[in-house]
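See below for the structure under consideration.
Numbering (this note's numbering), first residue to last: 2 to 589.
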């Protein structure tokens with residue numbers, strides 16, 4: 002209706018400007034907004050105020066002239082002028098009834114745009130290090146990124162989803178060493194895990210699986226691993242203790258490489274990585290999250306992309322050497338300071354590989370890159386944007402959304418994996434639907450306190466239960482209708498919806514009408530939580546209507562109109578839940 006009202010206003014506006022002898026000066030758009038107070042109508046426009054200067058007249062006088070020239074429209078009941086010149090439109094019941102007709106005529110994706118015409122967007126999310134299971138913080142990232150991708154695809158973007166696997170660098174060496182030590186344990190060798198290795202019980206299973214698959218292929222005497230190494234420090238000033246333990250860890254990694262040899266070390270590394278990635282993929286599958294591609298950092302390095310990027314940056318004068326290291330002049334491109342690309346020992350930093358990966362994203366032809374990162378990566382945004390600008394000249398390519406932290410409250414987990422709560426634990430405790438809905442019930446830039454007890458509760462206090470029950474309630478009505486030999490209309494005429502005039506019915510129809518605009522706004526603002534808020538409002542309107550009015554009545558015309566209204570509501574509820582990756586059950 003906003004588009005219809007805008008068209009009416011612009012028609013009146015063109016007439017006004019033609020009469021004033023300024024036909025080419027007529028505006029091409031008019032601002033239309035929803036009113037906050039029903040006494041002021043349903044829609045309002047400030048067009049008269051914006052025309053005061055070009056027409057050199059008082060806004061209220063212009064508003065009167067516009068209203069006098071408005072074409073008639075069957076969905077506009079009356080038009081009033083308020084205050085200094087606001088034009089308020091009161092819509093007829095047929096305007097809202099037409100929403101239900103349109104929903105049933107269009108089907109499950111009413112309000113969607115699957116054209117992909119807005120351009121290509123790459124959403125990179127989760128990208129958790131493959132050094133252990135996903136924890137509850139990763140889960141919020143996964144729910145957000147997946148819901149965002151679903152929304153963007155529903156409003157006209159061609160969306161690709163990608164997970165960047167950090168399978169190169171020191172953390173992979175730490176994983177390899179930790180998994181190998183657990184393997185030696187499975188072989189019966191006495192070993193001592195380093196303080197800064199990965200101590201999780203999940204690597205006990207990885208070590209046992211490696212032994213089951215390869216027997217004693219990678220076995221060495223436990224004494225050979227530790228003989229000749231300096232003793233690992235266990236006390237001292239915090240920073241000095243950390244440095245000492247890291248040095249000990251590096252010595253152990255070097256020993257593992259020497260004892261295993263390149264081929265066997267690589268085999269243990271790949272086994273450990275695949276085991277962790279396999280766990281991550283399984284958890285994501287349970288969580289309803291799928292990716293179009295898993296991009297490997299190791300593959301980026303092997304392709305030579307970082308070296309080529311460095312050569313281009315040198316040619317363009319963006320890099321310099323200092324203290325033996327290679328630096329990128331990111332401070333000249335908006336970052337707070339320059340950043341190291343290659344350390345003094347010649348080793349590439351993670352940033353060097355990451356900038357090559359982002360350059361590759363741009364070169365693949367994506368119009369927009371959206372990265373979903375944890376809140377602790379805030380300081381990383383400036384340098385990546387600066388690197389993209391230096392390599393591609395683009396200043397608008399990258400959007401970064403930061404996901405705030407998650408804490409668990411109001412209850413204890415029935416199961417915990419090691420010393421932290423995994424996403425798999427949480428899904429097992431409360432289910433995929435509740436986990437996703439609760440993650441998406443608050444803006445991603447706010448801390449989320451996940452209420453375990455509420456998420457498990459089967460009552461209207463639980464928001465996901467409340468919304469899903471609205472869908473199931475409608476399905477129950479349809480089942481009753483079928484048992485009575487009454488068919489639910491698949492499509493209806495506007496005339497057949499004329500009986501829908503009660504305040505509850507109009508309120509429910511108004512909620513349905515909000516959906517396409519709400520979806521567009523949520524996608525534009527990268528805010529999936531707006532969908533969850535909307536669904537709760539829609540469920541509330543449905544429950545209020547159901548409690549106030551009987552549907553399966555003797556009056557066939559009213560009964561069929563109400564069934565059509567419920568069918569339209571069910572369709573939008575299901576569409577909204579699908580955008581969040583939450584199921585729409587038919588019974589509860």
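We put the CB at the ideal spot given by N, CA and C, even for glycine.
On the premise that residue 372 lies in contact with residue 409, defined as a C-beta separation below 8 Å, what is that separation, rounded to the nearest angstrom?
Not quite, the Cβ-Cβ distance comes to about 26 Å (not below 8 Å), so this is no contact.
So who's on the other strand from residue 89, going by DSSP bridges?
45, 81
Near residue 485, which residues of its chain fall below 8 Å by C-beta distance, leaving aside the five closest residues on each side in sequence?
553
With which residues is residue 410 paired in a DSSP beta bridge?
In the DSSP output, where bridge partners are listed per residue, residue 410 has 452.
Residue 7: which of 132, 33, 22 sits nearest, CA to CA?
33
Thinking C-alpha only, which one of 249, 286, 169, 148 is nearest residue 193?
249
Please report how far the alpha carbon of residue 542 lies from the alpha carbon of residue 508, in whole angstroms.
The straight-line gap from Cα to Cα measures roughly 7 Å.
For residue 372, which three-state DSSP category applies?
strand
Touch check for the segment 517-527 and the segment 453-467: three-plus C-beta pairs under 8 Å?
Short answer: they don't touch.
Answer with buried or exposed for residue 86, where buried requires no fewer than 16 other C-beta atoms within 10 angstroms of its C-beta.
buried
Kindly confirm or deny that the segment 125-136 and the segment 161-171 touch, where touching means at least three C-beta pairs closer than 8 Å.
yes
Taking the continuous alpha helix (DSSP H) assigned at residue 441, which residues delimit it?
No alpha helix (DSSP H) holds residue 441; DSSP gives it neither H nor E.
Rounded to a whole number of angstroms, what is the C-alpha to C-alpha distance between residue 323 and residue 297?
Rounded to the nearest angstrom, the two C-alpha atoms are 30 Å apart.
With DSSP as the reference, please indicate the residues paired to residue 114 in a beta bridge.
For residue 114, which the question treats as bridged, DSSP gives the partners 156.
When you compare each of 103, 211, 154 to residue 118 by their alpha carbons, which one comes out closest?
154
Which residues in the same chain have their Cβ closer than 7 Å to the Cβ of residue 200, if we skip the five residues on either side of it in sequence?
194
Can you tell me whether residue 561 is buried or exposed, with buried defined as 16 or more other CB within 10 angstroms of its CB?
Classification for residue 561: buried.
Quick check on this structure: which residue in 572, 21, 586 has the alpha carbon closest to the alpha carbon of residue 104?
572
Could you check how far apart the C-beta atoms of residue 514 and residue 100 are, in whole angstroms? I think they sit under 8 Å.
A Cβ-Cβ distance of about 5 Å is found for the pair residue 514 and residue 100, placing them in contact under the 8 Å criterion.
Residues in the same chain with beta-carbon distance under 8 Å from residue 212, minus the five sequence neighbours each way, listed in chain order, please.
184, 187, 188
Within 10 angstroms of the Cβ of residue 589, are there 16 or more other Cβ atoms? Answer buried if so, exposed if not.
exposed
Pair every Cβ in the segment 126-146 with every Cβ in the segment 372-384, then say whether three or more of these pairs are closer than 8 Å.
Touching, yes.
List the DSSP bridge partners of residue 327.
322, 343
How many angstroms separate the CA atom of residue 26 from the CA atom of residue 532?
39 Å
Apart from the five residues just before and just after residue 352, which ones in its own chain have a Cβ nearer than 7 Å to its Cβ?
Taking C-beta separations shorter than 7 Å and ignoring five residues to either side along the sequence, the partners of residue 352 in its chain run 340, 342, 384, following chain order.
Beta-carbon separation of residue 169 and residue 302 under 7 Å?
yes
Would a C-beta distance cut-off of 7 Å place residue 88 and residue 64 closer than the cut-off?
yes
Hey, which unbroken runs of the alpha helix (DSSP H) at 4 residues or more fall wholly within the segment 212-272?
223-227
Starting from residue 601, trace the beta strand (DSSP E) both ways and give me its first and last residue.
No statement about residue 601 is possible, as the shown extent of the chain runs from 2 to 589 and does not include it.
Look up residue 421 in the DSSP assignment and say whether it is helix, strand or coil.
In the structure shown, residue 421 sits in a strand (DSSP, three-state: E or B).
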